[in-house]
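A.B. asks: In the working numbering, the protein residues as written are 1 to 425. One structure, as structure tokens, below. Some questions next.
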Amino acid sequence: MKVLVVGSGGREHALAWKLSQGGKVKKIFIAPGNAGTAMCGENVNIAPDDIEALKGFALEEKIDLTVVGPEIPLTLGIVDTFKEAGLRIFGPTKAAALIEGSKAFCKDLMARHGIPSAAYKKFDDANEALSYIKDAEVPVVIKADGLAAGKGVIICETRAAAAEAISLMMEENAFGEAGNSIVIEEFLTGEEVSILAITDGKTVIALPPAQDHKAIFDGGKGPNTGGMGAYSPTPVITGELEKEVLDTVIIPVIKAMEAEGRRYTGVLYAGLMVSGGSPRVLEFNCRFGDPETQPILMRLNDGDGLFDILWAAAEGSLKGIEPRWSEKASVCVVMSAGGYPGGYEKGKIITGLEEAGAMEDVMVFHAGTERKNGNVVTSGGRVLGVTALGDTIGEAVDRAYGAVKLISWDGAYYRKDIGLKAIKR
Ligand code: AMP
Ligand code: GLY
Numbered sequence: 001m002k003v004l005v006v007g008s009g010g011r012e013h014a015l016a017w018k019l020s021q022g023g024k025v026k027k028i029f030i031a032p033g034n035a036g037t038a039m040c041g042e043n044v045n046i047a048p049d050d051i052e053a054l055k056g057f058a059l060e061e062k063i064d065l066t067v068v069g070p071e072i073p074l075t076l077g078i079v080d081t082f083k084e085a086g087l088r089i090f091g092p093t094k095a096a097a098l099i100e101g102s103k104a105f106c107k108d109l110m111a112r113h114g115i116p117s118a119a120y121k122k123f124d125d126a127n128e129a130l131s132y133i134k135d136a137e138v139p140v141v142i143k144a145d146g147l148a149a150g151k152g153v154i155i156c157e158t159r160a161a162a163a164e165a166i167s168l169m170m171e172e173n174a175f176g177e178a179g180n181s182i183v184i185e186e187f188l189t190g191e192e193v194s195i196l197a198i199t200d201g202k203t204v205i206a207l208p209p210a211q212d213h214k215a216i217f218d219g220g221k222g223p224n225t226g227g228m229g230a231y232s233p234t235p236v237i238t239g240e241l242e243k244e245v246l247d248t249v250i251i252p253v254i255k256a257m258e259a260e261g262r263r264y265t266g267v268l269y270a271g272l273m274v275s276g277g278s279p280r281v282l283e284f285n286c287r288f289g290d291p292e293t294q295p296i297l298m299r300l301n302d303g304d305g306l307f308d309i310l311w312a313a314a315e316g317s318l319k320g321i322e323p324r325w326s327e328k329a330s331v332c333v334v335m336s337a338g339g340y341p342g343g344y345e346k347g348k349i350i351t352g353l354e355e356a357g358a359m360e361d362v363m364v365f366h367a368g369t370e371r372k373n374g375n376v377v378t379s380g381g382r383v384l385g386v387t388a389l390g391d392t393i394g395e396a397v398d399r400a401y402g403a404v405k406l407i408s409w410d411g412a413y414y415r416k417d418i419g420l421k422a423i424k425r
């Protein structure tokens with residue numbers, strides 16, 4: 001089989017790496033990929049949002065299955081375009097990807113179908129939003145309706161900060177059209193977890209739960225990032241709670257999408273806040289999480305396990321597929337460029353990759369890297385996802401940090417507390 005993976009982050013390296021482990025996939029292309037994906041397949045210089053060029057490539061190369069990493073091509077309708085061209089592709093259609101593409105749509109959907117989430121109001125007029133906030137309870141969460149590269153959610157401790165966030169989105173258009181309408185949401189407390197499930201629209205297979213670390217600094221301080229580390233499993237999600245999430249969140253939302261004429265296929269990512277043992281939805285994503293995918297896929301035992309599940313989801317034949325997961329724990333520590341999530345420099349030479357990658361039960365997933373003049377250099381904010389297995393979370397943490405210490409470049413940064421919460425429990 002020939003597979004095309006669309007994207008260039010750590011998630012896409014993990015997908016391409018796992019797809020290359022079994023016997024069924026003979027050739028993998030990654031568009032555009034990074035220095036890591038080039039080690040398990042062939043990088044193709046096409047941008048993830050250039051859907052026509054991707055379609056042309058897939059037709060010419062007779063790609064058997066395309067797997068889409070990032071949300072943008074999905075919300076632009078890559079799945080619809082590929083299917084019309086007779087190409088097999090894993091992911092939701094444009095109509096279904098709206099669950100991530102519009103926070104207002106997502107909140108209304110949950111309200112219509114009784115799926116637990118924070119109370120909210122939506123606005124498309126700045127004055128109305130500003131007047132509402134005058135006597136709203138704080139903290140309060142202000143969310144741009146559309147996609148804003150992970151920056152469209154602002155948690156405001158005061159009403160003044162909330163008014164500023166509203167102006168930023170609706171008057172200064174800081175996120176472009178994404179901020180034309182906003183959602184103002186009740187602030188939830190508790191522990192955040194991510195549950196990803198794969199579906200063909202009928203059958204649902206939950207992947208092992210994972211926990212992300214969104215803030216840039218230790219202890220969850222500082223601005224939010226795309227994710228600075230993740231581990232799986234997470235002690236927050238017991239077997240019982242996982243079943244509750246499936247029964248009260250994942251399955252109802254997939255049924256709701258079907259009922260509203262937006263059949264959902266692909267992977268559905270539920271970002272949840274668990275408080276007092278009950279889950280509430282913070283957001284849905286229409287794609288795999290990054291970095292959650294890295295530790296989750298490290299725990300998938302079968303070489304062809306990922307290919308089989310993605311293929312079956314794309315074919316509508318997921319029933320009966322049972323991926324085998326390792327009992328081991330897995331931890332991913334993200335190494336980022338100094339300054340991220342603000343401004344940062346690129347082009348720094350990375351050393352120690354081979355030594356770290358040679359450690360047993362360690363995979364160094366590349367994100368913002370490229371090869372230049374024989375060196376692997378930095379080319380993005382999140383640069384690497386150093387991922388390790390262990391008999392316990394503690395062992396996996398030690399192993400991952402052991403590998404991180406072998407790697408360096410000028411300005412490298414990482415959190416020192418990935419997985420600590422799980423160990424403390
Ligand atoms: P989202 O993109 O909606 O997941 O928001 C990004 C992050 O903002 C989440 O991972 C949470 O850490 C935080 N967040 C979003 N909504 C809320 C909420 N209602 N209460 C507390 N934190 C939230
Ligand atoms: N790690 C958060 C996300 O993928 O959205």
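Each residue gets a CB set at the ideal place from its N, CA and C atoms; glycine is no exception.
Label residue 59 either buried or exposed according to how many other C-beta atoms from any shown protein chain fall within 10 Å of its C-beta, with 16 as the threshold for buried.
C.D. replies: In the sequence shown, residue 59 corresponds to position 59, counting from 1. That one is exposed.
A.B. asks: Any chance the CB of residue 271 is under 6 Å from a heavy atom of ligand 1?
C.D. replies: Taking the sequence shown and counting its residues from 1, the one referred to as residue 271 is at position 271. Correct: residue 271 has its Cβ closer than 6 Å to ligand 1.
A.B. asks: Tell me residue 43's beta-bridge partners as DSSP assigns them.
C.D. replies: Numbered from 1 along the sequence shown, position 43 holds the residue referred to as residue 43. Answer is 30, bridged to residue 43.
A.B. asks: By a C-beta neighbour count over all protein chains shown, 10 Å radius and 16 as the cutoff for buried, is residue 92 buried or exposed?
C.D. replies: As a working mapping, residue 92 is identified with position 92 in the sequence shown. Answer is buried; the Cβ neighbour count reaches 16.
A.B. asks: So, for residue 425: in the same chain, excluding its five sequence neighbours on each side, which residues have a beta-carbon less than 6 Å away from its beta-carbon?
C.D. replies: The residue you call residue 425 lines up with position 425 of the sequence shown. Within the same chain, residue 425 has close Cβ partners 235.
A.B. asks: Would you kindly check if the distance between the Cβ of residue 100 and the Cβ of residue 332 is under 7 Å?
C.D. replies: Here residue 332 is taken as the residue at index 332 of the sequence shown, counted from 1. Here residue 100 is taken as the residue at index 100 of the sequence shown, counted from 1. Result no, Cβ atoms of residue 332 and residue 100 do not sit closer than 7 Å.
A.B. asks: Span of the alpha helix (DSSP H) holding residue 393?
C.D. replies: Residue numbering aside, residue 393 sits at position 393 when the sequence shown is read from its first letter. It spans 393-404 - the alpha helix (DSSP H) in which residue 393 sits, taken as one unbroken run.
A.B. asks: Sort out for me which residues DSSP pairs residue 255 with in a bridge.
C.D. replies: Translated into positions along the sequence shown, residue 255 becomes position 255. Residue 255 is not bridged to any residue.
A.B. asks: Report all residues from its chain with a CB closer than 7 Å to the CB of residue 18; omit the five preceding and five following residues, and keep chain order.
C.D. replies: Residue mapping note: residue 18 aligns to position 18 of the sequence shown, counting from 1. Hits under 7 Å: 297, 300 and 306.
A.B. asks: Name the residue from 96, 364 and 239 whose alpha carbon lies nearest to the alpha carbon of residue 262.
C.D. replies: Working through the sequence shown from its first residue, we reach residue 262 at position 262. The shortest C-alpha separation from residue 262 is found at 96.
A.B. asks: Should the region 197-206 be regarded as contacting the region 220-230, the criterion being three or more beta carbon pairs within less than 8 Å?
C.D. replies: no
A.B. asks: Less than 7 Å between the C-beta atoms of residue 159 and residue 138, yes or no?
C.D. replies: Taking the first residue of the sequence shown as position 1, residue 159 is located at position 159. Taking the first residue of the sequence shown as position 1, residue 138 is located at position 138. It is a contact, given that the beta carbons lie within the stated cut-off.
A.B. asks: What is the residue span of the alpha helix (DSSP H) that residue 76 lies within?
C.D. replies: For the purposes of this step, residue 76 is taken as the residue at position 76 of the sequence shown. 71-76 is the extent of the alpha helix (DSSP H) around residue 76.
A.B. asks: Any idea what DSSP makes of residue 317, helix, strand or coil?
C.D. replies: The sequence position of residue 317 within the sequence shown is 317, counting from 1. The answer is coil: DSSP assigns residue 317 none of H, G, I, E or B.
A.B. asks: Going by the beta-carbon positions, is the gap between residue 122 and residue 183 smaller than 7 Å?
C.D. replies: For this step, residue 122 is matched to residue 122 along the sequence shown. For this step, residue 183 is matched to residue 183 along the sequence shown. Closer than 7 Å, so yes.
A.B. asks: Less than 7 Å between C-beta atoms, sequence neighbours within five positions excluded: which residues of the same chain meet that for residue 233?
C.D. replies: Here residue 233 refers to the residue found at position 233 when the sequence shown is read from its first residue. These residues qualify, in order along the chain: 208, 209 and 329.
A.B. asks: Express the C-alpha separation of residue 414 and residue 405 in angstroms, rounding to a whole number.
C.D. replies: Counting from 1 along the sequence shown, the entry for residue 405 is found at position 405. Counting from 1 along the sequence shown, the entry for residue 414 is found at position 414. C-alpha separation (whole angstroms): 10 Å.
A.B. asks: Cβ of residue 127 within 6 Å of any heavy atom in ligand 2?
C.D. replies: Position 127 of the sequence shown holds residue 127. No - ligand 2 has no heavy atom lying nearer than 6 Å to the Cβ of residue 127.
A.B. asks: Comparing alpha-carbon positions, which option in 7, 259, 187 and 3 lies nearest residue 70?
C.D. replies: For the purposes of this step, residue 70 is identified with residue 70 of the sequence shown, where counting begins at 1. When only C-alpha atoms are compared, the closest one is 7.
A.B. asks: May I have a chain-ordered list of the beta strand (DSSP E) segments no shorter than 3 residues that lie completely inside the region 144-215?
C.D. replies: Secondary structure remark: continuous beta strand (DSSP E) runs of at least 3 residues inside the region 144-215, in chain order: 153-156, 182-186, 191-199 and 204-206.
A.B. asks: Quick one: residues in its chain with C-beta nearer than 6 Å to the C-beta of residue 359, no 5 flanking neighbours on either side, listed in chain order?
C.D. replies: Stepping through the sequence shown from its first residue, residue 359 is reached at position 359. For residue 359, where only same-chain residues beyond five positions count, the Cβ hits under 6 Å are 403.
A.B. asks: With residue 181 and residue 104 assumed to form a contact (beta carbons below 8 Å), what rounded beta-carbon distance in angstroms separates them?
C.D. replies: As a first step, residue 181 is located in the sequence shown; it is residue number 181 there, counting from the start. As a first step, residue 104 is located in the sequence shown; it is residue number 104 there, counting from the start. Sure, about 6 Å apart at Cβ, within 8 Å.
A.B. asks: With 16 as the cutoff for other CB atoms within 10 Å, does residue 55 come out buried or exposed?
C.D. replies: Translated into the one-based positions of the sequence shown, residue 55 becomes position 55. It is buried - the Cβ of residue 55 has at least 16 other Cβ atoms within 10 Å.
A.B. asks: Heavy atom of ligand 1 less than 6 Å from the Cβ of residue 367, yes or no?
C.D. replies: Against the sequence shown, residue 367 aligns to sequence position 367. Outside the cutoff, so no.
A.B. asks: By the DSSP assignment, the beta strand (DSSP E) with residue 332 in it spans what residues?
C.D. replies: Within the sequence shown, numbered from 1, the residue matching residue 332 stands at position 332. Taken as a continuous stretch (DSSP letters only), the beta strand (DSSP E) holding residue 332 covers 329-337.
A.B. asks: Answer yes or no: do residue 191 and residue 118 have a C-beta to C-beta separation smaller than 7 Å?
C.D. replies: Numbered from its first residue, the sequence shown carries residue 191 at position 191. Numbered from its first residue, the sequence shown carries residue 118 at position 118. In this structure, residue 191 lies away from residue 118, with their beta-carbon atoms at least 7 Å apart.
A.B. asks: Contact check, residue 294 vs residue 77 under 8 Å by CB: the rounded distance?
C.D. replies: For the purposes of this step, residue 294 is identified with residue 294 of the sequence shown, where counting begins at 1. For the purposes of this step, residue 77 is identified with residue 77 of the sequence shown, where counting begins at 1. No, residue 294 and residue 77 are not in contact; Cβ-Cβ is about 28 Å, not under 8 Å.
A.B. asks: So is the beta-carbon of residue 122 under 6 Å away from any non-hydrogen atom of ligand 1?
C.D. replies: Sequence index remark: in the sequence shown, residue 122 carries index 122 (1-based). No; taking the cut-off as 6 Å, the Cβ of residue 122 has no heavy atom of ligand 1 nearer than that.
A.B. asks: Do residue 347 and residue 377 have their C-beta atoms within less than 7 Å of each other?
C.D. replies: Here residue 347 corresponds to residue number 347 of the sequence shown, with the count starting at 1. Here residue 377 corresponds to residue number 377 of the sequence shown, with the count starting at 1. Taking 7 Å as the Cβ cut-off, residue 347 and residue 377 qualify as a contacting pair.
A.B. asks: Under 5 Å, CB to any heavy atom of ligand 2. Which residues pass, going along the chain?
C.D. replies: 212, 227, 289 and 290
A.B. asks: Starting from residue 293 and walking both ways along the alpha helix (DSSP H), at which residues does that stretch end?
C.D. replies: Residue mapping note: residue 293 aligns to position 293 of the sequence shown, counting from 1. Taken as a continuous stretch (DSSP letters only), the alpha helix (DSSP H) holding residue 293 covers 293-298.
A.B. asks: Whose CA, out of 320, 304 and 314, lies closest to the CA of residue 16?
C.D. replies: As a working mapping, residue 16 is identified with position 16 in the sequence shown. Considering only alpha carbons, the answer is 304.
A.B. asks: Expressed to the nearest angstrom, what Euclidean distance is found between the alpha-carbon atoms of residue 355 and residue 361?
C.D. replies: By one-based count along the sequence shown, residue 355 stands at place 355. By one-based count along the sequence shown, residue 361 stands at place 361. If you take the alpha carbons of residue 355 and residue 361, they lie about 13 Å apart.
A.B. asks: Which runs of the beta strand (DSSP E) at least 3 residues long sit entirely within the region 333-378? Give them in chain order.
C.D. replies: 362-366, 369-372 and 375-378
A.B. asks: Does the Cβ of residue 151 lie closer than 6 Å to at least one heavy atom of ligand 1?
C.D. replies: Stepping through the sequence shown from its first residue, residue 151 is reached at position 151. No.
A.B. asks: Given the structure, does residue 118 come close to ligand 1, in the sense that its CB is under 6 Å from one of the ligand's heavy atoms?
C.D. replies: The count along the sequence shown starts at 1 and reaches residue 118 at position 118. Yes, the beta carbon of residue 118 sits closer than 6 Å to at least one heavy atom of ligand 1.
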